[in-house]
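Number of protein chains: 2
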Amino acid sequence: MGKRPETDETRLRNRKAREDNNVFSRLPAVYAATRTQAHKLLHRAGNLSTVEWRTLWDLYKAGPMTIRELAEIQRADHSLLSRALPDMRDKGFVTMERDRIDGRQVLVSLAPPGRAVYEQVAPVMKRRRDALRAEFSPEEITTFLDYLERLEKFARRPIDTICESEFTE
Amino acid sequence: MGKRPETDETRLRNRKAREDNNVFSRLPAVYAATRTQAHKLLHRAGNLSTVEWRTLWDLYKAGPMTIRELAEIQRADHSLLSRALPDMRDKGFVTMERDRIDGRQVLVSLAPPGRAVYEQVAPVMKRRRDALRAEFSPEEITTFLDYLERLEKFARRPIDTICESEFTE
DNA sequence: AGAAATTATGTGACTTGTCACGTTAATTTT
DNA sequence: AAAATTAACGTGACAAGTCACATAATTTCT
Numbered sequence: 001m002g003k004r005p006e007t008d009e010t011r012l013r014n015r016k017a018r019e020d021n022n023v024f025s026r027l028p029a030v031y032a033a034t035r036t037q038a039h040k041l042l043h044r045a046g047n048l049s050t051v052e053w054r055t056l057w058d059l060y061k062a063g064p065m066t067i068r069e070l071a072e073i074q075r076a077d078h079s080l081l082s083r084a085l086p087d088m089r090d091k092g093f094v095t096m097e098r099d100r101i102d103g104r105q106v107l108v109s110l111a112p113p114g115r116a117v118y119e120q121v122a123p124v125m126k127r128r129r130d131a132l133r134a135e136f137s138p139e140e141i142t143t144f145l146d147y148l149e150r151l152e153k154f155a156r157r158p159i160d161t162i163c164e165s166e167f168t169e
Numbered sequence: 001m002g003k004r005p006e007t008d009e010t011r012l013r014n015r016k017a018r019e020d021n022n023v024f025s026r027l028p029a030v031y032a033a034t035r036t037q038a039h040k041l042l043h044r045a046g047n048l049s050t051v052e053w054r055t056l057w058d059l060y061k062a063g064p065m066t067i068r069e070l071a072e073i074q075r076a077d078h079s080l081l082s083r084a085l086p087d088m089r090d091k092g093f094v095t096m097e098r099d100r101i102d103g104r105q106v107l108v109s110l111a112p113p114g115r116a117v118y119e120q121v122a123p124v125m126k127r128r129r130d131a132l133r134a135e136f137s138p139e140e141i142t143t144f145l146d147y148l149e150r151l152e153k154f155a156r157r158p159i160d161t162i163c164e165s166e167f168t169e
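Residue numbers (the UniProt record's numbering), protein chains in the order written: chain A, 1 to 169; chain B, 1 to 169.
Here is the structure:
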């Protein structure tokens, strides 16, 4: 029936080109790719999840802190950590103790096995960051971070500043 | 017991600054923020999910195509679409018909209700893109896209090019 | 002090995305 | 033409995030 015209390739290529020129369309795939890469490296180097790695890293570098503080540093939702930490405690990576002064808080500390895993995995992740620096100059990194910062700021604007009142009926 | 030294704030602030200067640490939050923004806009404008929006947009702009083609254009995994489409069909947004020539493929087409929703939602999403252009100059967008492209390329490199053979024991 | 508001954490439900594997249909080899 | 390979799609299992809401502990206000 010739449903699909001869110009198919062009049609689709054009559309793909459009999507490729849209930051919003592009971002998911870029992020997904870096996440997957990290996931594979972490899996191979020490069988860690991304959340686990981030947490061990922060605790190693900055010492004990509460769940909220971890979330803040990681720019993550506290629920992500709230869910991940008991597992990490069971594996012996961290200890969790309720703060005696402020009974709402839970203080998370790196335990020796967590330190060991961190030290095993860290070189691999460092190599990755080094590899990135081979692809981007320091100036480019700075610019990139600036763009990311501005994009995030934009994305966190209340949506009414974008679509106004036309749907508030 | 003075578990948490006075220098806490500095300690955590320093750590946060470190994370903030790492593209890999930064990306998740940026992406998450844009995703959430899109989610809210789509929810308000027409109660669409991101996947639904992307699909309607592509079909509207480029006409009928197969699941694989949709996935390719969106740089997404086919499974994402494979799962979302039956729902969209049930809502009347699209039709799915098995290709008579190649029985493996499913041709997805925009149906009138899908077109209507698209036309209702599109202006809002366009306004968002316009708003972004108010924050970034055309040159900046070009540079940004270039960085994203290079980062994605980097992230898709086989991980052995990063951590070598030291874990292949 | 007691009431009201705020804060830290835990948890359920959901979206986006990945990978691996199975099935069925086409295509390529031999 | 049969066999082997490849391709398209469906689906289960999981990771990373989000939001909303519950609960308990602190703080603030009156």
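Note that CB positions come from ideal geometry on N, CA and C, so glycine has one too.
Check, Outcome
"Per-residue contacts from A/D58 into chain B (C-beta, under 8 Å)", "R15, E19"
"Sufficient close CB pairs (3 or more, under 8 Å) joining the stretch 78 to 85 of chain B to the stretch 109 to 128 of chain B", "no"
"CB contact below 8 Å: A/T55 versus chain B", "no"
"Residue environment, residue 170 of chain A, which counts as buried when at least 16 other CB atoms sit within 10 Å", "Residue 170 of chain A cannot be examined here, being either before or after the span of chain A that is shown, 1 to 169."
"Outcome for A/A33 when other beta-carbon atoms lying within 10 angstroms are tallied against a minimum of 16", "buried"
"Length at least 4, wholly inside the stretch 40 to 90 of chain B: the alpha helix (DSSP H) runs in chain order", "50 to 62, 67 to 74, 78 to 90"
"Through-space distance from B/D58 to B/F167, alpha-carbon basis", "Per-residue confidence for B/F167 stands at a pLDDT of 44, beneath the threshold of 50, marking its modelled position as unreliable; the derived number appears in the next sentence. The straight-line gap from Cα to Cα measures roughly 43 Å."
"Three-state secondary structure (DSSP) of A/S25", "helix"
"Nearest neighbour of B/L145, chosen from A/L12, A/L27, A/R13, A/R15 [CA to CA]", "A/L27"
"Element boundaries [alpha helix (DSSP H), containing B/R98]", "Looking at the DSSP string, B/R98 is not in any alpha helix (DSSP H); the run it does join, the beta strand (DSSP E), is 94 to 98."
"For A/R13, the three-state DSSP class (helix, strand or coil)", "helix"
"From A/D130, A/A71, A/L132, residue whose alpha carbon lies closest to that of A/V108", "A/A71"
"Whole-number beta carbon distance between A/L110 and A/L148, since they are thought to touch under 8 Å", "Wrong, their Cβ atoms sit about 28 Å apart, outside the cutoff."
"C-alpha gap between A/R11 and B/E19, whole angstroms", "42 Å"
"8 Å Cβ shell around B/P113 - same chain, five flanking residues per side excluded", "K91, G92, F93"
"Beta carbon of A/I67 nearer than 8 Å to that of B/R15", "no"
"Residue range of the alpha helix (DSSP H) that includes B/D146", "138 to 155"
"Beta-bridge pairing of B/L107 - partner residues as DSSP gives them", "B/T66, B/E97"
"Sequence-distant residues of the same chain with beta carbon closer than 6 Å to B/R89, five excluded per side", "M96"
"Under 7 Å from the C-beta of A/F144: neighbouring residues of chain B", "V23, Y147"
"Alpha carbon of B/R150 to alpha carbon of A/E135, nearest angstrom", "8 Å"
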